[in-house]
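Beneath this line is the structure, given in C-alpha cells, with notes to follow.
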Amino acid sequence: MAVAVEGVGFVGLRSDQFSEMVRLFRDVIGVPLARETSGLAGFRLGDGTVLEIYGSADEFHSFFTTGPVVGLRVGDFDAVRARMLSAGVEFIGAAQHASGMSWQHFRCPDGTVLEIIGPGREPAVTNTEFR
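Residue numbering for the sequence shown is 78 to 208, as defined by our numbering.
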C-alpha cells in the first residue's frame, strides 16, 4: 500500500486568549495573516500549511478539545476516507469541500481529534425541483 499521508496540511488551535495568540503568530513570529473574521484568524505558513486559531466563542470548532488539531494531507481524500470508514473510524460532522479540496475531522482511538485533507470530489447535488 502506498503512503497515504503526504504531510501536514492544517493545524488548528482553539484558545481562550485569541487576541494574544493572533499577536504572537502575526506580530512576534511573523506568520502572514491570510484571513480574519470574528473569532477566527487564518495564517499560511511558508510551505503552504494552513494554521487557524479559533476563539472560545467559535461554536463550529467546539470539538477542538484535545489540543492542537492537525490536518494530515493525503493524496486522495475519498480513498483514504473510505478506508477509514471501513475500519470503523469515527468522523465528526460532514465532509467539507472547496476548490477541489475535501476535509473532515475524526477521532483517534485515544479520543484525539485530527483531520484528513486533500483532493476530493464534492458529492453531486441532485435536483429535487419539480417542473
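Glycine included, each C-beta is placed from N, C-alpha and C at the ideal position.
> Pairing CB atoms from the region 92-105 with CB atoms from the region 154-171, are three or more of them under 8 Å?
Replying inline: no
> Is leucine 149 helix, strand or coil by DSSP?
Replying inline: Walking along the sequence shown from the start, residue 149 turns up at place 72. Residue state, collapsed to three classes: strand.
> Can you tell me where the alpha helix (DSSP H) with phenylalanine 95 in it begins and where it stops?
Replying inline: Within the sequence shown, the letter at position 18 stands for residue 95. Phenylalanine 95 -> alpha helix (DSSP H) spans 95-100.
>> Can you tell me whether leucine 110 sits near the ligand MN, meaning its C-beta is under 7 Å from at least one heavy atom of the ligand?
In response: With respect to small molecules bound, the structure shown includes none, and the ligand MN cannot be examined in it.
>> Given a cut-off of 8 Å on the beta-carbon distance, is the pair valine 82 and leucine 149 in contact?
In response: As a first step, residue 82 is located in the sequence shown; it is residue number 5 there, counting from the start. As a first step, residue 149 is located in the sequence shown; it is residue number 72 there, counting from the start. Closer than 8 Å, so yes.
> Looking only at C-alpha atoms, which of Gly188, Ile193, Pro200 and Ile194 sits nearest to glycine 144?
Replying inline: For the purposes of this step, residue 144 is taken as residue 67 along the sequence shown, with counting starting at 1. Nearest C-alpha to glycine 144: Gly188.
>> Could you check whether glycine 197 and serine 179 sit closer than 8 Å to each other, using their CB atoms as the reference points?
In response: Stepping through the sequence shown from its first residue, residue 179 is reached at position 102. Stepping through the sequence shown from its first residue, residue 197 is reached at position 120. A contact, by the Cβ cut-off of 8 Å.
> Using CA coordinates, which residue listed in Phe137, Ser115 and Leu101 is at the minimum distance from proline 109?
Replying inline: The residue you call residue 109 lines up with position 32 of the sequence shown. Of the candidates Phe137, Ser115 and Leu101, the one whose C-alpha sits nearest the C-alpha of proline 109 is Leu101.
>> For a test of the three-state rule: what should DSSP assign to valine 108, helix, strand or coil?
In response: The residue given as residue 108 occupies position 31 in the sequence shown. Residue state, collapsed to three classes: coil.
>> If contacts are defined as beta-carbon pairs under 8 Å, then phenylalanine 184 and isoleucine 169 qualify, I think. What distance do you get, rounded to the angstrom?
In response: Taking the sequence shown and counting its residues from 1, the one referred to as residue 184 is at position 107. Taking the sequence shown and counting its residues from 1, the one referred to as residue 169 is at position 92. Looking at the sequence itself, residue 184 is arginine, so the reference to phenylalanine does not match. That pair is a contact at about 7 Å.
> What's the C-alpha gap between valine 147 and tyrosine 131?
Replying inline: Walking along the sequence shown from the start, residue 147 turns up at place 70. Walking along the sequence shown from the start, residue 131 turns up at place 54. Computed Cα separation, rounded: 14 Å.
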